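Written out below as structure tokens is the structure these notes cover.
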Amino acid sequence: MSTTTDNNSVEITKGINGLEKVILREINGSSVELYLYGAHVTSWKNEQGEELLFVSSKAIFKPPKPIRGGIPICFPQFSNLGNLEAHGFARNRIWTIDNDAPPFPPNVTDRVFVDLLLKPTEEDLKIWPHSFDYRLRVTLGPAGDLMLTSRIRNTNTDGKPFTFTFAYHTYFSVSDISEVRVEGLETHDYLDNTKNRERYTEQGDAITFESEIDKIYLSTPSKIAILDHEKKRTFVIRKDGLPDAVVWNPWDKKAKAMADFGDDEYKHMVCVEAAAIEKPISLKPGEEWRVRQELSAVPSSYFSGQLDPNKVLARS
Ligand code: TA6
């Protein structure tokens, strides 16, 4: 289902390599683009037309390779450790536009949105023997905020529950990673992916970046701030139903090792990913899991390296 009101619009068109994509436009000038391949958001622009997400200049828009950047959907598995494709298969599948999505509370009429649907194919059932309906709503708000709402329902007819892990693997565009701070994860425990997921506790100050970081923060706050000093811009993630948060920057060595990532591109991106990883989600047949992340970009109250989290994060 998608909606076009007088001032906003939803356009379905062809993108790179002829892949079908949807463009959401807000009257204030902001926009979002997403491919049906992976239900993959690849662009989120503010009123001034500035791109807020990072997509690698070497991204391969050709199934089955996931698009490097934007917001990959990691389902039904977060990580490349299990028996499925890395980060599951949802991002490597063609989704459909869902024209008869059930009512999606909150029903906000002033927002432009599109509903997408993924169901497993026979092939998928061979590698992950569970039936599900995954409905994703991508919404662009009047202030240019981007919201992704996921509804995953167990539609097994054999009475079997299933268990999964999940992440919105968001790549934010930043001016210079060495001048980025992430606020809101201080003092939280994390699993360090560069050290066999050993558990540590984060120090008491904001996260800054001087080398590769690949950490799964556990039981984190619903709001996380990412400050881009040069742009005086703060990204705010508001998440609901997603207890964990992954912070990743590959730094130089890993950047060089990725064919679909420019050697220097690590300087201009950071992944902060609302996730459910530590405690996998289990659904019985008929049960539905609903989660949401809302992204906004606000002017930073950035002063001598100290963000007043109460000031930025409290903003309603
Ligand atoms: O979210 C961080 C991470 O799990 C890293 O370990 C790295 O593998 C990254 O995801 C990218 O994964 P991908 O499968 O998209 O190359």
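33 is the number that our numbering gives to position 24 of the sequence shown; each next residue is one higher, with no gaps. Heads up, the beta-carbon is just placed ideally off N, CA and C, and yes, glycines get one too. These numbers were taken from a predicted model, which means no experiment stands behind them.
Neighbourhood of residue i by C-beta distance below 6 Å, restricted to the same chain and skipping five residues each side
| i | result |
| --- | --- |
| residue 20 | 32 |
| residue 223 | 202, 203 and 257 |
| residue 297 | 160 and 162 |
| residue 305 | 154 and 245 |
| residue 250 | 300 |
| residue 78 | 63, 64, 65, 68 and 180 |
Residue from the options with nearest C-alpha to residue i
| i | options | result |
| --- | --- | --- |
| residue 151 | 84, 248, 41 and 201 | 41 |
| residue 253 | 163, 276 and 281 | 281 |
| residue 99 | 182, 64 and 136 | 136 |
| residue 155 | 170, 264 and 179 | 179 |
| residue 198 | 249, 228, 214 and 164 | 228 |
| residue 147 | 44, 269 and 268 | 44 |
| residue 127 | 216, 120, 138 and 105 | 105 |
| residue 18 | 88, 119, 139 and 185 | 119 |
| residue 97 | 111, 81 and 110 | 81 |
| residue 211 | 124, 54, 77 and 196 | 196 |
| residue 129 | 139, 265 and 123 | 139 |
| residue 164 | 67, 259 and 292 | 292 |
| residue 68 | 285, 269 and 35 | 269 |
| residue 233 | 221, 255, 219 and 220 | 255 |
Whole-Å CB distance - residue i paired with residue j, under 8 Å assumed
| i | j | result |
| --- | --- | --- |
| residue 174 | residue 86 | 6 Å |
| residue 177 | residue 283 | 5 Å |
| residue 217 | residue 190 | 6 Å |
| residue 308 | residue 242 | 7 Å |
| residue 184 | residue 237 | 5 Å |
| residue 278 | residue 182 | 6 Å |
Start and end residues, beta strand (DSSP E) containing residue i
| i | result |
| --- | --- |
| residue 286 | 278-292 |
| residue 201 | 198-201 |
| residue 163 | 155-163 |
| residue 229 | Run containing residue 229: none; DSSP gives neither H nor E here. |
| residue 71 | Residue 71 -> no beta strand (DSSP E), and no H or E assigned at all. |
| residue 104 | Run containing residue 104: none; DSSP gives neither H nor E here. |
| residue 299 | 297-308 |
| residue 190 | 189-192 |
| residue 21 | 18-23 |
| residue 238 | Neither: residue 238 is in no beta strand (DSSP E) and is coded neither H nor E. |
| residue 30 | 29-34 |
| residue 41 | 40-44 |
| residue 50 | 49-54 |
| residue 207 | 207-210 |
Range covered by the alpha helix (DSSP H) that runs through residue i
| i | result |
| --- | --- |
| residue 260 | 260-266 |
| residue 134 | 131-136 |
Beta-carbon contacts of residue i that lie in its chain and below 7 Å, excluding the five residues immediately before and after
| i | result |
| --- | --- |
| residue 289 | 172, 173 and 174 |
| residue 230 | 193 |
| residue 22 | 30 and 32 |
| residue 7 | Since the first residue shown for the chain is 10 and the last is 325, residue 7 is missing from the structure and cannot be characterised. |
| residue 101 | 47, 72, 73, 75 and 94 |
| residue 276 | 185 and 186 |
Sequence-distant residues of the same chain with beta carbon closer than 8 Å to residue i, five excluded per side
| i | result |
| --- | --- |
| residue 37 | 56, 151, 152 and 153 |
| residue 26 | 70 and 71 |
| residue 311 | Per-residue confidence for residue 311 stands at a pLDDT of 46, beneath the threshold of 50, marking its modelled position as unreliable; the derived number appears in the next sentence. If we look at residue 311 and ignore the five residues flanking it on each side, its Cβ neighbours are 236, 238, 241 and 243. |
Distance cut-off 7 Å: residue i Cβ against heavy atoms of the ligand GTP
| i | result |
| --- | --- |
| residue 95 | Although the ligand GTP was asked about, the structure shown includes only the ligand TA6 as ligands. |
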